[in-house]
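S.K.: Pasting a structure here, questions to come.
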Amino acid sequence: MLKDTDVRSVANEIFSRALGPDRFDHLDVEVGPDHYGDPSLFVALYFRPGVDPRDVADISNAHADLRQRLLDLDEERFPYLRKHFADDEILGDDGAETP
698 MLKDTDVRSV ANEIFSRALG PDRFDHLDVE VGPDHYGDPS LFVALYFRPG VDPRDVADIS
758 NAHADLRQRL LDLDEERFPY LRKHFADDEI LGDDGAETP
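The working numbering puts the first residue of the sequence shown at 698, with every later residue one more than the last.
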């Protein structure tokens, strides 16, 4: 099993190369159980302003590359992606009353 810093380094290399500096801002990696309780990796991708959330081909290919690279390094935990777009609207309690 790789150290969290090693996973972050590999993921950063793959996503920064695949998405380039105009789209990729940074990423964070958290370790925890998935919905089955299996040890997993949660990679939070942060994008620059103006990135279209529908433009997913490069993200999907990079995710597959990350999974394969981690397997090659004997890392069995699955890397789940969480995507954060700079232009996302943050939803919350707007103070509206409900009947």
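All residues carry an ideal CB built from backbone N, CA and C; glycine is no exception.
Please read these numbers as outputs of a predicted model, since none were measured by experiment.
I think ARG745 touches VAL726, with their Cβ atoms under 8 Å apart; what is that distance to the nearest whole Å?
M.R.: Here residue 745 refers to the residue found at position 48 when the sequence shown is read from its first residue. Here residue 726 refers to the residue found at position 29 when the sequence shown is read from its first residue. In fact, because the Cβ distance is near 19 Å, the residues do not count as touching under 8 Å.
S.K.: Do the CB positions of ILE756 and LEU742 come within less than 9 Å of each other?
M.R.: Numbered from 1 along the sequence shown, position 59 holds the residue referred to as residue 756. Numbered from 1 along the sequence shown, position 45 holds the residue referred to as residue 742. Yes.
S.K.: Cβ atoms of PHE739 and ARG766: under 9 Å apart, would you say?
M.R.: Position 69 of the sequence shown, counted from the first residue, corresponds to residue 766. Position 42 of the sequence shown, counted from the first residue, corresponds to residue 739. No.
S.K.: According to DSSP, is HIS781 part of a helix, a strand, or is it coil?
M.R.: Here residue 781 corresponds to residue number 84 of the sequence shown, with the count starting at 1. Strand at HIS781.
S.K.: Beta-carbon separation of LEU763 and PHE721 under 9 Å?
M.R.: The count along the sequence shown starts at 1 and reaches residue 763 at position 66. The count along the sequence shown starts at 1 and reaches residue 721 at position 24. No, the pair does not count as a contact, with Cβ atoms beyond the cut-off.
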